[in-house]
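Residue numbers (my numbering): 2 to 396.
Single-structure report; data block below.
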Amino acid sequence: MNFQSDNKGYYGIFGGAYIPEMMFYNINQLQNSYLDIIERDDFRKEFCLLLRDYAGRPSPLYYSNRLSDHFNAKIYLKREDLNHTGSHKINNTVGQILLAKRLGKTRIIAETGAGQHGVATATVCARAGLQCVVYMGALDVSRQSPNVQKMKMLGAEVRPVYSGNKTLKDATNEAIRDWINNPVDTHYIIGSVVGPHPYPDMVARFQSVISEEIRIQLMEKTGSETPDYVIACVGGGSNSAGAFYHFLNEPKVRLIAVEAAGKGVYSGESAATTQLGRPGVLHGSLSLLMQTLDGQVIEPYSISAGLDYPGIGPMLANLFVTKRAQFLSATDEEALRAALYLTQNEGIIPALESAHALAALEKIDFKPNDVVVVNISGRGDKDMETYLNYYQSKI
């Protein structure tokens, strides 16, 4: 079975480009040029050099003795939190800024939830000398203040969005409106494997460096390129797409995607799309979407701003319906508990998003020789206020 997209951007039944006429110029330009550009030798060379010398790759693959002992398995942490800007998001923004410059674009827009993609976008724009506008839900602006300040210091304009639930979905809506109104000089750096074709495929390709490195690093550490499990959190799905990418056609590798259950999958305050969603179109692609019977988007909820999204990318939706990946969910409480455990036992403070992936370790019955890789997609600096409030409540 092929788990990559076809030439129209479909992963099985999911994907495509469901766009208004006013977006045709932008999307058609990308569809006709992205593969030709990113597969050129000069592009690959510059991309790889920047990932190494600017972003700090390869990110370490760290063997956690204490987690391994506790969960009775061999647990490795892929340390994307150690990248420049503090998450996996830099991989994609480095790739897209190089693409944008080759397309002659002079202005960059982006959406962000937890702020990590916004910071990564502002960072590469500062380096490239391009104007940067980041759309961010007003609720996320207030709960992710450290990242907002970083974006502003980097020279980006942060535009709060007050519509809807004031979170990631609403920020994406506004970014799309901006792009429609500025098709010639502006490139939209989408931060996840969502949106119309070619974005899901393009972002997955840029993020696939994660699984490419995991294979090399595991060979060095264990003598085998393939683990038994790869675990990653899922909002839109960029870090999981990157961590899974080079294992998609390795059926013995179990892929575990962890969604945000919020206050409980069926509590009415959740973002567990595969449990609550059904096929629908959002932000330009057909995927799984939390929606009412008449097709209105159901507002998601998660304590984690980066997972607070009512859908998943079409690649992940296809992995779900084909059962190539197993989808679990973690509540706010489970994620907070997992983050505190890692912090106090390994001295690593993970992002709240990554904490959801860590929470899955409690839900799987491992064998002692199982090799498990958990993708730590970001660091927890931005979440310190939430963590401190939780920690103080436990004293």
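Think of the CB as a built atom: it goes at the ideal place given N, C-alpha and C, for glycine as much as any other residue.
Nothing here was measured: the structure is a model prediction, and the numbers come from that model.
Unbroken beta strand (DSSP E) stretches of 3 residues or longer found wholly inside the stretch 191-261: 230-234, given in chain order. Taking C-beta separations shorter than 7 angstroms and ignoring five residues to either side along the sequence, the partners of N93 in its chain run G192, V204, F207, Q208, S239, following chain order.
Going by C-alpha positions, S69 is about 33 angstroms away from R144. Three or more Cβ pairs closer than 8 angstroms define a contact, and the stretch 308-324 meets that threshold against the stretch 7-14. By the C-beta density criterion, D82 is buried, having at least 16 other C-beta atoms within 10 angstroms.
Residue state for Q297 is assigned as coil, using DSSP reduced to three classes. DSSP places E270 outside any beta strand (DSSP E), giving it a letter other than H or E.
Taking the Cα positions, Y302 is about 23 angstroms away from V120.
With respect to Q132, T107 sits close: the two C-beta atoms are nearer than 9 angstroms.
Our two residues, G236 and G312, have alpha carbons roughly 7 angstroms apart in a direct line.
When the beta-carbon positions are compared, A115 and K383 come within less than 9 angstroms of each other. If you draw a straight line from the Cα of G348 to the Cα of G17, it is about 43 angstroms long. Rounded to whole angstroms, L283 and V374 show a C-alpha spacing of 31 angstroms. Bounds of the alpha helix (DSSP H) holding N390 are 385-395.
Secondary structure remark: continuous beta strand (DSSP E) runs of at least 3 residues inside the stretch 58-98, in chain order: 62-64, 75-80.
With a minimum length of 4 residues, the unbroken runs of alpha helix (DSSP H) contained wholly in the stretch 136-161 fall at 139-144, 146-154.
Per the DSSP secondary-structure output, F48 pairs with nothing in a beta bridge.
Residue pairing from DSSP places T332 in a beta bridge opposite G263. In the structure shown, R41 falls within a coil segment according to DSSP collapsed to helix, strand and coil.
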